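Peer 1: Provided herewith is a single structure, encoded as structure tokens, for subsequent inquiry.
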Amino acid sequence: MDTSKRSIEKHSDDDPKVASAIDGLPFKFYQYFVVAGLRVDLIQPGRIVCSLKLPARLLNQNNSLHGGASASLVDCIGAAAIKTLGSTTTGVSLDMNLSYFDTAHLGEEIEIDGMVLRMGETIAVANVELRKKNTGKIIAQARLTTYLAISSKL
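Residue numbers (our numbering): 188 to 341.
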């Protein structure tokens, strides 16, 4: 149990310089951290396809794409697909189901394909698939459900 505790706490507030630097990061830094380097390859109503050469910052301890980074890509690309249908907001994610099938490694180019399955007045559902760009092999598949905030008519 101590090993688990140390692996989580090793990046905590032990070093005031590190904590100060982290707290000083710009607003919405996390989203940009994940999507920096992303290129849009295809965009059409209800669908967006992007590619990304996998950077070291998105790797886990096994030097493969981190599961949290995958989930963040699903959230961002799913929301972008929803916006292609004219939604003024992507609202808030209600549910995400993510299944992993393979890994991707440093420098490997991946493709993230987001497609809207349903667009209602208050709820949207998108499917997002991460693939190896050179082989088409599926890395992960996800379904994202979001709540679309209703703008006030006042």
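Virtual Cβ for every residue (Gly too), placed ideally from N, Cα, C. Source: prediction; values computed, not measured.
Smallest Cα separation from Tyr219: which of Phe288, Ser259, Ile297 and Lys319?
Peer 2: With distances taken between Cα atoms, Tyr219 lies closest to Ser259.
Peer 1: Quick one: give me the first and last residue of the alpha helix (DSSP H) that Gly255 is part of.
Peer 2: That run of the alpha helix (DSSP H) goes Gly254 to Lys270.
Peer 1: Determine the contact status of Ile325 and Leu239, defining contact as a CB-CB distance below 8 Å.
Peer 2: Not closer than 8 Å, so no.
Peer 1: Cβ atoms of Ala268 and Ile297: under 8 Å apart, would you say?
Peer 2: No.
Peer 1: Would you kindly report the start and end of the unbroken alpha helix (DSSP H) that includes Gln218?
Peer 2: Here the alpha helix (DSSP H) through Gln218 covers Phe216 to Val222.
Peer 1: By a C-beta neighbour count over all protein chains shown, 10 Å radius and 16 as the cutoff for buried, is Ile264 buried or exposed?
Peer 2: Buried, by the Cβ-count rule.
Peer 1: Buried or exposed, going by whether 16 or more other CB atoms sit within 10 Å of the CB of Ser257?
Peer 2: With 16 or more Cβ atoms within 10 Å of its Cβ, Ser257 is classed as buried.
Peer 1: Among Leu293, Leu229, Leu281 and Pro242, which one has its Cα closest to the Cα of Thr302?
Peer 2: Reading the sequence as shown, one finds Met at residue 302 and not Thr. Cα-wise, what sits closest to Met302 is Leu229.
Peer 1: Who are the near neighbours of Arg305 in its chain, counting only those whose CB is closer than 6 Å to its CB and skipping five residues on each side?
Peer 2: So the qualifying residues of the chain are Val312.
Peer 1: If you draw a straight line from the alpha carbon of Gly244 to that of Gly307, how long is it in whole angstroms?
Peer 2: The question names Gly, yet the displayed sequence has Arg at residue 244. If you take the alpha carbons of Arg244 and Gly307, they lie about 36 Å apart.
Peer 1: By DSSP, does Ser207 sit in helix, in strand, or in coil?
Peer 2: In this structure, Ser207 counts as helix in the three-state DSSP scheme.
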